[in-house]
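Protein chains in written order, with this note's numbering: chain B, -1 to 204; chain P, -1 to 204. Yeah, the Cβ is synthetic: ideal placement off N, Cα and C, and Gly gets one too.
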């Protein structure tokens, strides 16, 4: 049985964006059942939870074989279980890993700085933060071109990239990037995404 | 044969820190030979290179089977080839992946903001950026405890974590974290690191 850790409570603005969404979405796409453990503020700080998730964050993951943290690592672990999330060949799987790292290390840090810092810094620095983000988004948009997915089919890479980009979409920061906005819309329309999102939201009302 | 892409030229302050160092170090630890392609400014912008590395960055990687980008994905790919970089069991390999993602997504973005933004923002924001970094470093230091490595032996995870932390060490930003400074010193003392570093530096003088 698979267990994932999610937060029991987050502020309204974070609901629908917490990173356990990536795992829920991947598991829905793969048709794999899972249980959710809701972590409150006290358990988050406990030594016991820190053994599972060293930074006291979510998500964390456990199955009969492994105990993991970091959404990127967990999504790749789930992808290795299901043909619906990655190609069967080692080469294709390695390319999915490239894109998952790209989403989390080449795009997300710049997206998060844009979202959280741009209104707290000088005009000059705001321009630099925006330029860096746009540089990466332009490269991503060029690479995507007229394709529907990062590789030649939907994979786990699209799950992670979409969750990074939809935070920008929520700030109307993709308006200059119609291909990326369409990519987010296309992936958010998937039934597995909708199910994962509504399950995350419902858990905050448990 | 393995080929990696590295920059032909970078400013002095970046020499010894460019991310192809992670691949060189991993390949040295594994005892695997490789070739280096040096990428100049013109090729960096070319469609041909963007096909290999969509953001025009380094490193990129190619062997007889796969073509990859993103240092985290490449180091994990190399780790899967060598017992010297990861345990043989799937559970241990997945834990190495967790730590590689932690280095690149839970530590590095905060480290990079501390390094590049702290002197360009208000005192209040500087405090917030520093507090966020210290929160993550305290958690990492607590988890490491008196162990030498992130897992119970040297793995690819230590390569990526060390390269993230040594940029902080170079700014004297680990002075409050003696366990992490000792961890960086311990890993930098490895012959494979020293060889990788001197090879990267030598390539700038080719």
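Non-local C-beta neighbours of residue 124 of chain B in its own chain, meaning closer than 6 angstroms and more than five positions away in sequence, comprise 116, ordered along the chain. Residue-level contact by beta carbon holds for residue 75 of chain P and chain B, with a gap shorter than 9 angstroms. When only Cα atoms are considered, residue 177 of chain P and residue 161 of chain P end up about 16 angstroms apart.
Annotation for residue 195 of chain P: no beta strand (DSSP E) segment contains it, though the alpha helix (DSSP H) segment containing it runs 189 to 201. In summary, residue 11 of chain P is exposed, with fewer than 16 beta-carbon neighbours lying within 10 Å of its beta-carbon over all protein chains present. Interface flag for residue 157 of chain B against chain P is unset, since no Cβ pair is found closer than 9 angstroms. When secondary structure is reduced to three states using DSSP, residue 5 of chain B falls in the strand class.
By the Cβ rule, the region 70 to 89 of chain B does not count as touching the region 39 to 49 of chain B, because fewer than three pairs are nearer than 8 angstroms. Chain-order list of chain P residues neighbouring residue 67 of chain B: 96, 100, by C-beta distance under 8 angstroms. Around residue 141 of chain P, the beta-carbon contacts reaching into chain B at under 8 angstroms are 48, 52.
Relative to residue 35 of chain B, the option among B:57, B:168, B:27 whose CA is nearest is B:57. Assigned with DSSP and collapsed to three states, residue 34 of chain P falls in strand. Secondary structure of residue 27 of chain B (DSSP, three-state): helix. Judged by beta-carbon spacing, residue 152 of chain P lies beyond the 9 angstroms limit of residue 144 of chain P, meaning their Cβ atoms are not closer than that value. Residues of chain P whose Cβ lies closer than 7 angstroms to the Cβ of residue 71 of chain B are, in chain order, 92, 95, 96, 99. Of the candidates B:30, B:17, B:26, the residue whose Cα lies closest to the Cα of residue 189 of chain B is B:26. The beta-carbon distance between residue 95 of chain B and residue 166 of chain B, rounded to whole angstroms, is 23 angstroms. This is too long to meet the 8 angstroms contact definition.
Straight across, the Cα-Cα distance linking residue 107 of chain P with residue 9 of chain B is about 23 angstroms. Residue 103 of chain P counts as buried, since at least 16 other C-beta atoms from the protein chains shown sit within 10 angstroms of its C-beta.
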